[in-house]
Amino acid sequence: MPASTDMQAFQATLSASKNIIAVAGAGLSAASGIPTFRGLGGLWRKYDAIELATPRAFRANPSRSWQFYHYRREAALRATLWQNSRYLQSEAQLSQDRPLLS
């Protein structure tokens, strides 16, 4: 099936589906306002992952590691739910007999 930006077609396809698996990457986060790791302006382009997000980094500088994860948590709390995420969430709530894996 070719890619489409038609929201009504997307919703109709999901509504007719027996099972749903949503595979989402950084693009979904970016659309919600959460910084990506590797994309343009991504965190790993500005910071070294080894210096922030590893057990070794935490042992070396716990305060900096906590600040990094606090920044990510705050970004997630400020994020706006993307339109397709809202639809998937509503489908999952309405269709208890149909599994949704995301």
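Here the sequence shown is numbered in the working numbering, starting from 3 and rising by one per residue.
We put the CB at the ideal spot given by N, CA and C, even for glycine.
Residues near residue i by beta carbon distance below 7 angstroms, same chain, minus five either side
i	result
residue 35	80, 81, 82
residue 38	28, 31, 32, 44
As assigned by DSSP and simplified to three states, the class of residue i
i	result
residue 52	helix
Sub-8 angstroms separation of residue i and residue j beta-carbons
i	j	result
residue 54	residue 65	no
residue 59	residue 52	yes
Nearest residue (CA-CA) to residue i, options the options
i	options	result
residue 32	50, 25, 22, 44	44
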